[in-house]
Structures are given as structure tokens and as C-alpha cells.
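Asks:
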Amino acid sequence: MPHADSGPARSRALRLAWPLGVAVAGVVAGYLLSVGLSGYFVFLAVSAVTAAIAILGLGIVTGSAGMIALCQLTFAAVGAWVVSLFNVLEVPGGFVVWLIAGGLAAGVVGILVGLPALRLRGVNLAVVTLGFAAAFDVTLLQIQFPGSKDGIPVLRPEGFSTDRGYFFFSIIVLAVCGLVVFWLQRGRWGSSWKAVAFSERGTASVGQSVQQAKLTAFAVSAALGGISGGLLAGQVQLPFASSFTPLQSLALYVLAVMSGAYLIDMAIFGGILWVLVPELLKRWGVPQDWGFVIFGALGVQALTSGTNLGQGIRNLWWKRADGRTAAARETAKADAAAHPAAVEPPAEASVPPVPAAPAASGEPALSVTGLTVQFGALKALDDVSLEVPAGSVMGLIGPNGAGKSTFVDAISGFLPHASGTVRLGGTALGRMSPTKRARLGLRRTFQQDRVPPALTVDAYVRFVARRRVTADEVAEVLDFFGCPPARTRLAGVDVGTRRLVEVAANVLAKPRVLLLDEPAAGLSHEEHLELGARLREVPARYGMAIVLIEHDLDLVRTVCSTLTVLDFGRVLASGPQDEVLADPAVIKAYMGETEML
Amino acid sequence: MLQGALAGLAAGGLYAVLAVCLTLMSRLVRVVNFSQAATGMFGGFVAVWLVTETGVPIWLGSVLGVLLAGVLSGVIGWIAATWLSEADTTTRSAMTVGPLLLLISLSFILFGNKPQPFASIISGPAFTVGGVVISQVTLVTVSLAIVVAVAVRILLTRTAIGTRLRALSERPTTAELLGIPSKPLSIAVWVVTGVISAIAIVVVAPTQSNDAISLAMLIVPAAAAALLGGFKRLDLAVVGGLVLGVLSGLVAQIDEVSLIRNFLPFLFIVVLLLWTQRKEVWDAAR
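Protein sequences appear in the order of chains G and U.
Using the UniProt record's numbering, read the first sequence as starting at 1 and increasing by one per residue.
Using the UniProt record's numbering, read the second sequence as starting at 1 and increasing by one per residue.
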């Protein structure tokens, strides 16, 4: 399609430019506000900006990465403490350098607190962070901020020392933080956060270290907290522990959850709410503590319903947009139906014979010897040995409970207690982690849905591919497998199609061996056949060997050149397809004794 | 030295009671209730208000406060059982952060943020061992923790209702299909643990720092203690609470390490988690 060439390039430039444009517009608006607002509101506005940056950080750790962090203002206190200390020590470089140092220090503390989180998830992390917040709060009261006893005010940056100037400065910091978060969220780190929130197994199986994903989320979040605290130190000039209590951290967490703070605009909105609600209450003569009562109640509402403001608004918007594109697609389909000549004829009318198994001369892509997995008294896999020739499709069949999925789990490294040796193209995998195996070129898909719904198809495919791929490559592989276009959001795609996207993405990763665990489950019969036809072409087209677990014998017959049959954890037969299917033992196990092929 | 350790035992008993409640909640209704201490705190404050403002007798005020704490806990449980019955532990637990925030702020509004003039229900020394005085409060909290743990264990293993509760916690859907009334039962668990926590807090509050934050944040050492039993074992939760209390008492004696005292529950949590979860690698069974 030659006419499409200039389109993607332009939209790419636009995609790079618009966040910058928004940031610049924000800074300009901030400047106008800093000139136009009255002095009292300027001070409040700085508070809103500092809160927004802290919430931006919470959005990453709680919103994107799905962990509960209840100590955001403790990280802010670390930032403020470092800024105060550098101010007292008169460290050269001025406020900007101190602020960055404060952010970095908070990031380091975040990593230290997050280190136990490497293995932990969910509620345990909430306990750890709440414990940290409580402990640090008491300690802060005892040690105080540097310079607070002698009343040494924190020096604001040169040129921004008035309240108005400082507000403008804080807006610039917010814009920079917003841009950084935007790019991180769109990049590998962002994808890894959303993936780890959905499934750790799924994340590891595409070669992304789960630990790294969690730690980066925690560190970036804490660093943003530190910057927020540093800004606050410059705002009030003499920070006190009362600005960083655990109670406020709890409120900030709740606010982040209910506003949907992983969305940058909602983080800023949350920052405004943080200041607006107490201010309104004050004007109405209501005690300001009611603000947190309101936050608490709204937080319960948000957490019970699993919704938040930002996502709610976006869902409404997307619904309308999806309606429009669906209508457009319908029209296009109708047009195509009106001109049948334009439609390509079906690729293969009759099924060609299965490509013969490649000559056994080359090194096998995957060789397994003596693989044994024991769960208690049960041997799920018992001395399994097989070879997958390079460039072939091997079918792995067997009745339910035969050990097929256990085989995939063991090969891909999720069962560290498995014994036996697995060699991937000559490299012994030993006790390597799933992440490392995936990076070496051993990929797998799951029977369950392990495709993070928070990503778009494009972001997911690029995340799984783990290499530089062009937009054309992505579009091509999606088209090849009949997946929805790259811009589609995975949340709006049914589970069967998600698993198809999973297969397509893993194929694009060009591994040596790809293990597909019932990829067709959830697809219609036609899609099922279509997938089979595509899989036949994959080895030649993308250069990899495939191990296919599948129940549909017809499909296996048309796709797989070699077969391995498992029964009760043992290899019943392994070899070229026709020989295996003719084996009486296989017939007996697979079809039952009475029924003959 | 010994005096310090035993002084910490009263707090340790409180940690142990709360830890037993947390463990019970985690086992039976799949939640780590962050507002466990906050409901007790609120009930206790209401009791103080009743006694000082309306002049009701201490015992009556305390009973009413404790009952209110049970009701509050029940309301949170009702929310969890109604809208989060199918949700995972993390989501259910995160929900309880809301009531924690709400109750602390509400108590600021109603009672101010100063420590409350709790009247002692129990006071004075119980007995003396080797020249060291054991207070009645210590005796009561420690025995309360042990009695609750033992009673709960008997209830769960020996009675019909215990069997139902266990069925509910292990196979909620199956239990419901068998006709076990899951919602009333789980709300009852919330109410009972709310009452028990409140009793412990009302007993110990006169001898502790008893502002709203300090009392609500008792959830941290309580969670640390519950972690020793992995939120599963009641006996280890009791031991964890007592050990943590004694350790805090010991550390408080030495000025040089007083900063460590603040971080003691946190360090306890981190070390325990790293130890108990050292073998846990993946988030899902498959």
C-alpha cells in the first residue's frame, strides 16, 4: 500500500511532538497563572503541584504496577530532608541540584524498602510500607529536619525566589516529571509495570525480569515522592515532620486510587483535589479533617467498585470512538462485499501434505533427556526424553492430566525442582530462571489469559518481541495471524483473540523454540483451522521450531511433522507423525481400547 | 533489664490479641484488616466521651464503646461481603485503608487530636516475681490473648459452626452451594474480632500513648506479630506479639538504640517476610 507510507511517518512525528506540546502549553499556562493569581492562591497552587508530583509517583506503583504503597510522603520526607541538609551544608549547584539529589536519595530509599518487595506482592507490601511510614514518622519527630532548630530557611532557586516565581518553577518541575513519566509509561518499563501487575508468570515468560519491573516501579515512584518533598521544602523553607505523616500518606494513596493516578492528567487533578477540598471546607467553616473523611469514604467506594474517575471518563470516550471505528469497518466490509473481485482468494483451498520432518543431520532445536517432575508422591513427568528438530512443528498430545502443561512449565523454567537436562540448541539450560530462558530464545504461551489488558496490542507485541521492530513488522505479523490492528486496546479484545495476539507477539520475538500450550482454546472452528494453517508456515517464515499442545487430532495431523504422545507422565511414543499415530499403544491410550482408528 | 522486658509485656499482650484477630480475619474472611485497631480506637474514644461527658459508669461506657467498635467492624465487613465477595485478598485489604483513614480523621473532628483521658478499668500490681512487679493490665492482656487463641482454636476444630467457618474460608463457593449462609457468617467474624480488639484496646489504652494515631497504628506491630504465624497460625501470632512487646521493652531501656525501637516492628516484618516467603516464587499456581 504505497499511499500509506507518508501517513505513519507523520503520525509518528505527531506522536512524539504532542506530549511536548502539552508540556509547553502547561508551562505557559503556569506562567500566566503565576502572574495572574493572587498571592494566597499562588501558595495553594504550589501545594497542589507538590501533591500532584507525589500522586504521579503513586500512580506508577499502585496504578500501573498494582502494588499497595502506603508510604509516599515518607519518601517525600526523605527528599525534603536531603534538600534541607544540602541547604545547611551549602552544597554548590543550588536548589535544582539539591532537588535532584533529594529525588535520587528517595529513589535509593525506595529501592531499599522495595527490596523485600522483590518476592512480595499485594497485601504484604502494604504491611511493609505502612510499617516503614509509621517508623520513619516517629524518627523524623526525634531527629527533625537539618537547619530547623537554627531556623535556616531553604534557599529557593535563583530567579524564582518570590512566591510567584517559585510557583512557576514548580510548574516547570511538574511538566518535566509529567514528560518523563509519560515516556516511561509508553516505553519498556511502563509495559513491564503493567505486565507485572497482571501476571508475574506472564512477565517472566517473555524475558522480562519480574524483580526489575517491581524495583523500577518502586524506585521511580519514590524518586517522584522525593522531588515532591524537595519542592515542598523550598515552598515552606522550614519543613516540619507534620507535613509528612503516615495519615497523609494513607490519604494520598486513597486519592491516587480514586482518581486513577496512573493517568497523568488525573494525577494533576488529584493534586488539585488535595488542596481544593480542605480549602473549600475552610471557606464553608467546616473542620478540615472532614476532607480526609470524605477521601476515606470515596476511597472505599472506588476500591469496592474497582473503578476510578479517570478510567471512567476514558471508557466513555473510548466507547464512542470504538463505535465510530466499528461503523467505519462495517462500511468498508459492505464495500468489499459489493466488489468481490477485490477480495483475495483463500490462501489454500486444499490442504497440502505436511512438510516432511527435516533430516536428522542438523542439531535439534530442543533436546530433553530424563526430565522428571515430582509433586509429592505423584510423578507428573517420569523420565521424559525427546528431541525437537530445528525448523519443525512437533505436536505434544495426550489425555488430560498426561503432563503436557507440566512439561511446558518445566522446560520454560517454572518448576525449578525438575530433574533431567534440557538443551536449547546445544546450550544446557540447567537451573536457569524463566526470564533467562526466554532471553536465550525459549518462549512459551499459556493456557490461561496472561496478556496484560492495560496495554495496547502494539505495546504488548513490542514488549514481548524484546527487540527493535518496525511498525511494518508488527502490522505484518498481526495481519498474518488475523489479529486486531496494532492500535487496539487489549482490554477491549476477547480472551481467544488475546491469546492469538500472544502467539503472534511471541512469533515476532523470533525465538529458537516456541512452546504453544493449546493456543486455539477459545477460538471458533474456522479460526482454529486458520491458526493451524498459519502455524504450518511459521518455521519457514520466521525460522523457529514449534512445540504445539493440541487436543484436536485433525489439526495435529495437518500441522505437525513429528509427534510425541504423553500418558501418565511418560512418553508413549515419539517420532514422525504417521508412525506415532499408527502405534497400537498410542491408539489404546488415546482413543480407548474399544475404538480403533 | 527484666523490668523493662516485663513492662513491654503489657503492650505485647495487646499486640498478641490484635494479631490473633488479624490472623482470624485473614483465615476466615480473606482480609488483612488495616482498620482492625482503628475501630477499637474509635470505640474506646466513644467510651471515654460517654464517661466524661454524660457521666455513665465506666463499665457501661466501656461496654457501649466496645459494642460500637463491633458494629463499625461489622459495617466494614458488610461492605466487603456485599461488594467484594469475589475479590482477592489484596483488593479486600486495600479497601480497609479507607475506613482507617476515615476513622482517624473522624476521631480528630469529634475528640480532637490529643491523647484521651482514659480511666483505668484495671490497674495496680498483680503480683511480684523476684522483685519485679507484674501489673494487672499485663496479666489481663496476656491471658486475653491466650484465651482468645485457645477459644478460637476449639471453636474452629470442635464445633459445627467452626466447621462451617472453615468451609467458608477454604471453599467459599462450595460452602455457599451447600447452603452455608456465607454473608451473615463472615459479617459475624468481623463483628467478633472488632469486639475483641476493642476490649484489648480499652484495657491497655490508659497505660499507653493513646492518641488516635498511636492507637490506630497499633496495626503495624500487630501485623508484624501475625506475620510470625504467616497470618495462619494463632499460637505463633500470640508468641509474635509477646516477643515483639518484650523486645520493645528491652530496647526502650537503652538510650543509644532508641531510634531502633521505632523501626523494630518494621524490621520484624521485613525479616519475617523474607524468611517465610523465601520459597515462594510465582504468583499463580500455574
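Even glycine gets a Cβ: it sits at the ideal position worked out from N, Cα and C.
Can you look up Q144 of chain G in the DSSP assignment and give me helix, strand or coil?
Replies: Here residue 144 of chain G corresponds to residue number 144 of the first sequence, with the count starting at 1. Of the three classes helix, strand and coil, the one that applies to Q144 of chain G here is coil, per DSSP.
Asks: For D409 of chain G, count the other beta carbons within 10 Å of its own beta carbon; 16 or more makes it buried, fewer makes it exposed. Which is it?
Replies: As a position in the first sequence, residue 409 of chain G is number 409, starting the count at 1. When all chains shown are included, D409 of chain G counts as buried.
Asks: For A145 of chain U and chain G, any beta-carbon pair shorter than 8 angstroms?
Replies: Counting from one through the second sequence, the residue named residue 145 of chain U turns up at place 145. Answer no: the Cβ-Cβ gap between A145 of chain U and chain G never drops below 8 angstroms.
Asks: May I have the straight-line CA-CA distance separating R92 of chain U from G98 of chain U, to the nearest angstrom?
Replies: Numbered from 1 along the second sequence, position 92 holds the residue referred to as residue 92 of chain U. Numbered from 1 along the second sequence, position 98 holds the residue referred to as residue 98 of chain U. Distance between the alpha carbons of R92 of chain U and G98 of chain U is about 11 angstroms.
Asks: Output needed for L490 of chain G: all residues of its chain with C-beta closer than 8 angstroms, excluding positions within five of it in sequence on either side, in chain order.
Replies: The residue you call residue 490 of chain G lines up with position 490 of the first sequence. Cβ neighbours of L490 of chain G beyond the five flanking positions: V451, P452, P453, A454, L455, T456, V457, Y460, R498 and V501.
Asks: Tell me which residues share the same chain as A486 of chain G and place their Cβ nearer than 8 angstroms to its Cβ, disregarding the 5 neighbours each side in the sequence.
Replies: Working through the first sequence from its first residue, we reach residue 486 of chain G at position 486. T456, V457, D458, V461, A471, V474, A475 and L478.
Asks: Given this structure, state the Cα-to-Cα distance separating R156 of chain G from A47 of chain U, to the nearest angstrom.
Replies: Along the first sequence, read from residue 1 onward, the residue named residue 156 of chain G stands at position 156. Along the second sequence, read from residue 1 onward, the residue named residue 47 of chain U stands at position 47. Whole-angstrom Cα-Cα distance: 49 angstroms.
Asks: For chain G, find out if any of its Cβ atoms is closer than 8 angstroms to the Cβ of P172 of chain U; answer yes or no.
Replies: On the second sequence, residue 172 of chain U is found 172 positions in, with the first residue counted as 1. False, the Cβ-Cβ gap to chain G never drops below 8 angstroms.
Asks: Taking the continuous alpha helix (DSSP H) assigned at M95 of chain U, which residues delimit it?
Replies: Position 95 of the second sequence holds residue 95 of chain U. Run containing M95 of chain U: T89 to M95, per the alpha helix (DSSP H) assignment.
Asks: Take every Cβ of the segment 188-208 of chain U, pair it with every Cβ of the segment 31-45 of chain U, and state whether three or more of those distances are shorter than 8 angstroms.
Replies: The segment 188-208 of chain U vs the segment 31-45 of chain U: in contact.
Asks: From the DSSP output, in three-state form, read off G159 of chain G for me.
Replies: Residue 159 of chain G sits at position 159 when you count from the first residue of the first sequence. Correct three-state label for G159 of chain G: coil.
Asks: How many Å lie between S248 of chain U and A16 of chain U at the Cα?
Replies: Your numbering for residue 248 of chain U matches position 248 in the second sequence. Your numbering for residue 16 of chain U matches position 16 in the second sequence. Computed Cα separation, rounded: 14 angstroms.
Asks: Does G187 of chain G come within less than 8 angstroms of chain U when only Cβ atoms are used?
Replies: Walking along the first sequence from the start, residue 187 of chain G turns up at place 187. G187 of chain G does not count as touching chain U.
Asks: For a minimum of 4 consecutive residues, which ranges assigned as the alpha helix (DSSP H) are wholly contained in the segment 156-200 of chain G?
Replies: Qualifying alpha helix (DSSP H) stretches, in chain order: 163-186 and 188-198.
Asks: Could you tell me whether the Cβ of P157 of chain G comes closer than 8 angstroms to any Cβ of chain U?
Replies: As a position in the first sequence, residue 157 of chain G is number 157, starting the count at 1. Cβ-Cβ to chain U under 8 angstroms: no for P157 of chain G.
Asks: Alpha carbons only, please: which of U:D235, U:T54, U:T276 and U:L24 is nearest the one belonging to S143 of chain U?
Replies: If you number the second sequence from 1, residue 143 of chain U lands on position 143. Looking at the Cα atoms, U:D235 is the closest of the given residues.
Asks: Let's see if you can read the secondary structure: which residues bound the alpha helix (DSSP H) around K462 of chain G?
Replies: In the first sequence, residue 462 of chain G corresponds to position 462, counting from 1. Checking the sequence shown, residue 462 of chain G turns out to be Arg, not Lys. Counting along the chain, the alpha helix (DSSP H) containing R462 of chain G begins and ends at V457 to A465.
Asks: Am I right that L516 of chain G and V495 of chain G are in contact with their C-beta atoms under 8 angstroms? What's the rounded C-beta distance?
Replies: As a working mapping, residue 516 of chain G is identified with position 516 in the first sequence. As a working mapping, residue 495 of chain G is identified with position 495 in the first sequence. With 8 angstroms as the limit, L516 of chain G and V495 of chain G do not qualify as a contact, their Cβ atoms being about 16 angstroms apart.
Asks: Give me whichever residues DSSP pairs with F111 of chain U in a beta bridge.
Replies: Taking the second sequence and counting its residues from 1, one reaches residue 111 of chain U at position 111. DSSP, once it has assigned bridges, lists no residue as partnering F111 of chain U.
Asks: I believe G234 of chain G touches F244 of chain G by the beta-carbon criterion, under 8 angstroms. Please report the beta-carbon distance rounded to the nearest angstrom.
Replies: Here the question's residue 234 of chain G lines up with position 234 in the first sequence. Here the question's residue 244 of chain G lines up with position 244 in the first sequence. Contact flag wrong, Cβ pair sits at about 15 angstroms.
Asks: Could you pull out every residue in the same chain whose Cβ sits closer than 7 angstroms to the Cβ of M266 of chain G, ignoring the five residues on either side in sequence?
Replies: The residue you call residue 266 of chain G lines up with position 266 of the first sequence. Around M266 of chain G: S259, G260, L309 and G310.
Asks: Would you say the segment 215-228 of chain G touches the segment 53-67 of chain G, given that touching needs at least three Cβ pairs under 8 angstroms?
Replies: Cβ pair count under 8 angstroms is three or more, so yes.
Asks: Just to confirm before moving on: does the CB-CB distance between V173 of chain G and L263 of chain G stay below 8 angstroms?
Replies: The sequence position of residue 173 of chain G within the first sequence is 173, counting from 1. The sequence position of residue 263 of chain G within the first sequence is 263, counting from 1. No, the pair does not count as a contact, with Cβ atoms beyond the cut-off.
Asks: Thinking A80 of chain G and P239 of chain G are a contact (beta carbons under 8 angstroms), I'd like their distance in whole angstroms, please.
Replies: In the first sequence, residue 80 of chain G corresponds to position 80, counting from 1. In the first sequence, residue 239 of chain G corresponds to position 239, counting from 1. Rounded, the Cβ-Cβ distance is 5 angstroms, consistent with contact.
Asks: Count the CB pairs spanning the segment 119-136 of chain U and the segment 247-262 of chain U that are closer than 8 angstroms, and state whether there are at least three.
Replies: Because the criterion of three Cβ pairs below 8 angstroms is not met, the segment 119-136 of chain U and the segment 247-262 of chain U do not touch.
Asks: Mind checking if T216 of chain G is an interface residue toward chain U, Cβ cutoff 8 angstroms exclusive?
Replies: Position 216 of the first sequence holds residue 216 of chain G. No, because no Cβ of chain U sits closer than 8 angstroms to the Cβ of T216 of chain G.
Asks: So that I know if they touch, is there some Cβ in chain G lying closer than 8 angstroms to that of V270 of chain U?
Replies: Your numbering for residue 270 of chain U matches position 270 in the second sequence. Yes, V270 of chain U lies at the interface with chain G (some Cβ there is under 8 angstroms from its Cβ).
Asks: Counting only Cβ pairs nearer than 9 angstroms, list the residues of chain U close to residue 599 of chain G.
Replies: With chain G covering 1 to 597 only, the question about residue 599 of chain G has no answer from this structure.
Asks: Would F45 of chain U pass as an interface residue toward chain G - the criterion being a Cβ-Cβ separation below 8 angstroms?
Replies: Translated into positions along the second sequence, residue 45 of chain U becomes position 45. Not an interface residue.
Asks: Could you check whether the segment 72-91 of chain G touches the segment 25-37 of chain G, counting it as contact only if at least three pairs of C-beta atoms, one from each stretch, sit closer than 8 angstroms?
Replies: Counting Cβ pairs under 8 angstroms, fewer than three are found: no touch.
Asks: Hey, does P265 of chain U have any beta-carbon neighbour from chain G nearer than 8 angstroms?
Replies: As a position in the second sequence, residue 265 of chain U is number 265, starting the count at 1. It does; some Cβ of chain G falls within 8 angstroms.
Asks: What number of angstroms, rounded off, separates the C-alpha of A87 of chain U from the C-alpha of I187 of chain U?
Replies: Here residue 87 of chain U corresponds to residue number 87 of the second sequence, with the count starting at 1. Here residue 187 of chain U corresponds to residue number 187 of the second sequence, with the count starting at 1. Computed Cα separation, rounded: 16 angstroms.
Asks: Which value, in whole angstroms, describes the spacing of the CA atoms of E595 of chain G and A332 of chain G?
Replies: Within the first sequence, numbered from 1, the residue matching residue 595 of chain G stands at position 595. Within the first sequence, numbered from 1, the residue matching residue 332 of chain G stands at position 332. With a pLDDT of only 48 at E595 of chain G, under the threshold of 50, the placement of this residue in the model should not be trusted; the figure read from the coordinates follows. If I take the Cα positions, the gap works out to 49 angstroms.
Asks: Helix or strand or just coil, what does DSSP make of V384 of chain G?
Replies: In the first sequence, counting from the first residue as 1, residue 384 of chain G sits at position 384. Of the three classes helix, strand and coil, the one that applies to V384 of chain G here is strand, per DSSP.
Asks: Verify the CB distance criterion: does Y262 of chain G have a CB-CB separation below 8 angstroms to chain U?
Replies: Reading the first sequence from its first residue, position 262 is the one you call residue 262 of chain G. False, the Cβ-Cβ gap to chain U never drops below 8 angstroms.
Asks: How far does the beta strand (DSSP E) with M394 of chain G in it extend, from its first residue to its last?
Replies: One-based indexing of the first sequence puts residue 394 of chain G at position 394. Taken as a continuous stretch (DSSP letters only), the beta strand (DSSP E) holding M394 of chain G covers V393 to I397.
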